[in-house]
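Line by line, the protein sequences give chains P and F. Numbered according to the working numbering, the first sequence spans residues 562 to 899. Numbered according to the working numbering, the second sequence spans residues 562 to 899. Note sheet for the following structure.
Number of protein chains: 2
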Amino acid sequence: LDEISMKKAKERLDNLTKPRGSLGILEDLAVKMAGIKRELYPKIKNKVITIMAGDHGVVEEGVSAFPQEVTPQMILNFLSGGAGINVLARHAGAKIVCVDVGTAADVFHPDLIIKKVRRGTDNISRGPAMTREEAIKAIEVGIETAWNEIDKGADILGTGDMGIGNTTPSSAILAVYSDEPLEKLVGRGTGINDERLKLKIKAINRALEINQPDPNDPIGVLSKVGGLEIGAIAGCILGAASRRIPVVIDGFISTAGAIIAAKIEPLCTNYMIASHSSEEPGHKTMLKLLGLEPMLSMRMRLGEGTGAALAFNLVEAALKIISEMATFDEAGVSGQLE
Amino acid sequence: LDEISMKKAKERLDNLTKPRGSLGILEDLAVKMAGIKRELYPKIKNKVITIMAGDHGVVEEGVSAFPQEVTPQMILNFLSGGAGINVLARHAGAKIVCVDVGTAADVFHPDLIIKKVRRGTDNISRGPAMTREEAIKAIEVGIETAWNEIDKGADILGTGDMGIGNTTPSSAILAVYSDEPLEKLVGRGTGINDERLKLKIKAINRALEINQPDPNDPIGVLSKVGGLEIGAIAGCILGAASRRIPVVIDGFISTAGAIIAAKIEPLCTNYMIASHSSEEPGHKTMLKLLGLEPMLSMRMRLGEGTGAALAFNLVEAALKIISEMATFDEAGVSGQLE
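This is how it looks when you write it as structure tokens:
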């Protein structure tokens, strides 16, 4: 991050007609954006949500409330404009890009980017999700996607995901990096009942026991207990950071990807902007691990990038605050007494 | 609220291509808006932030970090477009209306609505803020303002405030309705130091002792330890509710006004939408008293209606979700297993 632009941004914010720091995270965002974009008044013109899709072998343990066929069905829904993310991306003026990194079924659509690394992962409660090579490939798909969009003019990205069962590997990744008991880290995903929740915790416990993921080897963690779309999300973040482009992180699955990215290259957290606090109980712990603070608390748990899409509006608000507000001198307003 | 429209809204939301309830507060908002507007797909066209301004005799106790002259200076800043609320209202596509309910100085501007009930309140730590008649007049100013804007086509209002020292009467109002110790309810407002914070707590303690406000007499509470702009905010909410128009509640001062409004007519909480959770420590307690849940946690403490302005975008997002998302049938997506 560019320290000089950040210092200038801070100084300007302190001279605007408001008590110092009183716009909270909006001010922090303006400073961060100045640091990322290396200018005081950056503009955002092209917002893109990248939705990474993949399937999960662990669904055979009964961990999800929806059948696996919903993954390709929802991809087609994204591409015909009827999903939650379509509505919220349109509302935010953002484009969506959908990438098949590893669905189990064959999905075709002229707008779908097909980069299938493999047909879904293996069941993590019985062995590794994928090979190390496949994990690296999934990350590379994400990097390529980010670079492609940046080449086409994207100046901010938002992460999104689709994959029935993907809160299970996300919880497993979190468990590798958190000391809290599994019961506190595992939630109901799309809305499973008590019985399925027990199966889910059991499956994650077994996944950790059988695979023995090493926290110091994030690519190993991804390949053993992760998912293809989670790897691609990590790659998308790494790709954006490498090109100094900010990335708005969506909810639980996206933040699992962000943890993998941060463990591979800690500096990439500088480019992350947290959006919302998910209804998944472990999400707060994830954000804490990354040192990120969410702006929205909407009790959302849909994924797809819906939280990221809502947060774009707040990033834009922050950029307008620093560029459009009057200073104390300009407005003839008296300053603080102490 | 119209129960039939709310039931229809809930049914439609449950059929959209997402796990039931997974868009959290966005779904609750869509249901609430259907109940308020008595239709399934209401539209918001005209958003208005009403900024109520007044001064506070209690500032002579040294409770604020800014001098009283800042109240009229900021009013002129609002009217020339340079304040935080101007930037965020423009960003939201909302109009602002500024009403002088009781500033101490004379302020003139062609766009300022002058409805001065009196020149600032008296020092609440030495006696009542105003007479009962003045408190009623302040509320009436708010009702008139709301009705005026609704007559001109406003279909959603947001509350805003300006008044140096106004976290002090707001904390006093909260203290009347909360059992928590004063230290937990009183914050640093615009950013006072430890010394001023002690003076502020002392002033509020004395205000409560001398005035003995009766919780069962909200107009009495307003006249004894409140403020003119707080009364006008309460009136604005009552006026909006009486015309079935939703009101987005801003931060600490606005929520103090909302408490007075709710104590006068409990049904008006049906028309309230909470925006953000303020940095003022007592704000969470206020929202709990009203049964409201904030959507944004931005560490903001500026007032002026800035939080309400940011929340308009979320209300609009909720209305688009219910009207634009595809159902499971339309999109050919399989439903939940259980």
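For every residue, glycine included, the Cβ atom is placed at its ideal position computed from N, Cα and C.
Step through the CB atoms of chain F and report whether any lies within less than 8 Å of the CB of P:V631. Taking the first residue of the first sequence as 1, we reach residue 631 of chain P at position 70. Answer yes: the Cβ-Cβ gap between P:V631 and chain F drops below 8 Å somewhere.
State buried or exposed for P:N638, treating a residue as buried only when at least 16 other CB atoms are found within 10 Å of its CB.
Position 77 of the first sequence, counting from 1, holds the residue named residue 638 of chain P. Counting Cβ neighbours within 10 Å, P:N638 comes out buried, since at least 16 surround it.
CB contact check: P:T751 to chain F, cutoff 8 Å: As a working note, residue 751 of chain P is residue 190 in the first sequence. Chain F places a beta carbon closer than 8 Å to that of P:T751, counting this residue as a contact.
field: Chain-ordered neighbours of P:L649 on chain A, where CB pairs are closer than 8 Å
entry: Considering every chain present, this structure includes no chain A. Its protein chains are P and F.
Measure from the C-beta of P:A887 to each C-beta in chain F and report whether the shortest distance is under 8 Å.
-> As a working mapping, residue 887 of chain P is identified with position 326 in the first sequence. It does: the Cβ of P:A887 has a partner Cβ on chain F nearer than 8 Å.
Taking only the alpha-carbon atoms, compute the straight-line gap between P:A595 and F:T729 and give it to the nearest angstrom.
Locating residue 595 of chain P in the first sequence gives position 34, counting from the first residue. Locating residue 729 of chain F in the second sequence gives position 168, counting from the first residue. One C-alpha to the other measures close to 36 Å.
Report task. Put P:L783 into one of helix, strand or coil per three-state DSSP. Result -> Start at 1 with the first residue of the first sequence, and residue 783 of chain P comes out as number 222. P:L783: helix per DSSP, three-state reduction.
Quick check: what's the CA-CA separation for P:P603 versus P:A869? Counted from its first residue, the first sequence places residue 603 of chain P at position 42. Counted from its first residue, the first sequence places residue 869 of chain P at position 308. Rounded to the nearest angstrom, the two C-alpha atoms are 19 Å apart.
* Write down every uninterrupted run of the beta strand (DSSP E) in the region 698-774 of chain P whose length is 3 residues or greater and which is fully enclosed by it, in chain order. => Listed in chain order, they are 717-723.
- Task: Could you pull out every unbroken alpha helix (DSSP H) segment of at least 4 residues lying fully inside the region 594-668 of chain P, listed in chain order?
- Result: Within the region 594-668 of chain P, the alpha helix (DSSP H) runs of at least 4 residues that lie entirely inside it are, in chain order, 631-641 and 645-653.
request  = Give the secondary structure of F:I834 by DSSP, where H, G and I count as helix, E and B as strand, and everything else as coil.
outcome  = On the second sequence, residue 834 of chain F is found 273 positions in, with the first residue counted as 1. In this structure, F:I834 counts as strand in the three-state DSSP scheme.
query: So, using beta-carbon positions, are P:L789 and P:T692 closer together than 8 Å?
result: Taking the first residue of the first sequence as position 1, residue 789 of chain P is located at position 228. Taking the first residue of the first sequence as position 1, residue 692 of chain P is located at position 131. P:L789 is not a Cβ neighbour of P:T692, given a cutoff of 8 Å.
**Prompt:** Which one or two residues does DSSP pair with F:I810 in a beta bridge?
**Reply:** For the purposes of this step, residue 810 of chain F is taken as residue 249 along the second sequence, with counting starting at 1. DSSP output for F:I810 lists F:A835 as bridge partner(s).
Option nearest P:I689 by Cα separation, candidates P:V631, P:F813 and P:D775 | Along the first sequence, one-based indexing puts residue 689 of chain P at 128. Correcting the residue identity first, residue 689 of chain P is Pro in this sequence and not Ile. Cα-wise, what sits closest to P:P689 is P:D775.
Quick check: the region 794-807 of chain F against the region 712-720 of chain F, are there 3 or more CB pairs under 8 Å?
These segments touch.
Using beta-carbon positions only, say whether F:T611 and F:C797 come within less than 8 Å of one another.
One-based indexing of the second sequence puts residue 611 of chain F at position 50. One-based indexing of the second sequence puts residue 797 of chain F at position 236. With contacts defined as CB atoms closer than 8 Å, F:T611 and F:C797 qualify as a contacting pair.
Contacting positions in the region 845-874 of chain P - beta carbon closer than 9 Å to chain F: Correct list: E854, P855, M856, L857, S858, M859, R860, M861, R862, L863, G864, E865, T867, A870, L871 and N874.
Could one say the Cβ of P:L584 lies closer than 8 Å to chain F's Cβ atoms, at least one of them?
Residue mapping note: residue 584 of chain P aligns to position 23 of the first sequence, counting from 1. Yes, because at least one Cβ of chain F sits closer than 8 Å to the Cβ of P:L584.
Practice problem: Consult DSSP for F:T692 and reduce its assignment to one of helix, strand or coil. | Solution: As a first step, residue 692 of chain F is located in the second sequence; it is residue number 131 there, counting from the start. Residue state, collapsed to three classes: coil.
Start and end residues, alpha helix (DSSP H) containing P:I798: For the purposes of this step, residue 798 of chain P is identified with residue 237 of the first sequence, where counting begins at 1. According to the DSSP assignment, P:I798 belongs to the alpha helix (DSSP H) that extends over L789 to S803.
Just mark F:D755 as buried or exposed, buried being the case when its beta carbon has 16 or more other beta carbons within 10 Å. Taking the second sequence and counting its residues from 1, one reaches residue 755 of chain F at position 194. With fewer than 16 Cβ atoms within 10 Å of its Cβ, F:D755 is classed as exposed.
What's the gap between the Cα of F:V660 and the Cα of P:P855? Start at 1 with the first residue of the second sequence, and residue 660 of chain F comes out as number 99. Start at 1 with the first residue of the first sequence, and residue 855 of chain P comes out as number 294. Approximately 34 Å between the Cα atoms of the pair.
- Query: Which value, in whole angstroms, describes the spacing of the CA atoms of P:K845 and P:D667?
  - Reply: In the first sequence, counting from the first residue as 1, residue 845 of chain P sits at position 284. In the first sequence, counting from the first residue as 1, residue 667 of chain P sits at position 106. Looking at the two C-alpha atoms, the distance is approximately 35 Å.
Helix, strand or coil: which one does DSSP assign to P:T888? Here residue 888 of chain P refers to the residue found at position 327 of the first sequence. DSSP, reduced to helix, strand and coil, places P:T888 within a strand of the structure shown.
- Query: Roughly how far, in whole angstroms, is the beta-carbon of P:H617 from the beta-carbon of P:G792, given that I think they are within contact range, below 8 Å?
  - Reply: For the purposes of this step, residue 617 of chain P is taken as residue 56 along the first sequence, with counting starting at 1. For the purposes of this step, residue 792 of chain P is taken as residue 231 along the first sequence, with counting starting at 1. P:H617 to P:G792, Cβ: 12 Å. No contact.
Residues of chain F with CB under 8 Å from P:N542, in chain order? Past the edges of chain P, shown from 562 to 899, lies residue 542 of chain P, and the structure says nothing about it.
Three-pair Cβ contact test at 8 Å for the region 818-836 of chain P versus the region 614-631 of chain P: Output reads no: the region 614-631 of chain P does not touch the region 818-836 of chain P.
Considering just the uninterrupted stretch of the alpha helix (DSSP H) at F:M861, what are its terminal residues?
Taking the second sequence and counting its residues from 1, one reaches residue 861 of chain F at position 300. Segment: none, F:M861 is in no alpha helix (DSSP H) and carries neither H nor E.
Can the beta-carbon of P:I762 be found closer than 8 Å to that of P:L743? By 1-based counting over the first sequence, the position of residue 762 of chain P is 201. By 1-based counting over the first sequence, the position of residue 743 of chain P is 182. Contact flag set, yes.
### Task
Give the residues of chain F in contact with P:P671, contact being defined as C-beta atoms less than 7 Å apart.
Here the question's residue 671 of chain P lines up with position 110 in the first sequence. Taking a Cβ-Cβ threshold of 7 Å, none of the residues of chain F is close to P:P671; the smallest such distance is about 18 Å.
Nearest to F:V782 (by Cα), restricted to the options F:L746, F:I821, F:R749 and F:F813: Residue numbering aside, residue 782 of chain F sits at position 221 when the second sequence is read from its first letter. Considering only alpha carbons, the answer is F:I821.
Rounded straight-line distance, which links the Cα of P:G893 to that of F:L640
Indexing the second sequence from 1 puts residue 640 of chain F at position 79. Indexing the first sequence from 1 puts residue 893 of chain P at position 332. Between the C-alpha atoms of F:L640 and P:G893 there is a straight-line separation of about 13 Å.
- Message: Which of the three DSSP states is assigned to F:L562 in this structure?
- Response: On the second sequence, position 1 is the one that residue 562 of chain F refers to. Reduced to three states, the DSSP call for F:L562 is coil.
### Selection of the region 800-824 of chain F by Cβ proximity to chain P, strictly under 7 Å
Of all residues in the region 800-824 of chain F, none places a beta-carbon less than 7 Å from a beta-carbon of chain P.
Report task. Classify P:Q634 as buried or exposed, calling it buried when 16 or more other Cβ atoms lie within 10 Å of its own Cβ. Result -> Residue numbering aside, residue 634 of chain P sits at position 73 when the first sequence is read from its first letter. By the Cβ-count criterion, P:Q634 is buried, with 16 or more other Cβ atoms from all chains shown falling within 10 Å of its own Cβ.
Is the region 699-709 of chain P touching the region 733-742 of chain P in the sense that three or more CB pairs, one from each, lie closer than 8 Å? Contact fails: fewer than three Cβ-Cβ distances are below 8 Å.
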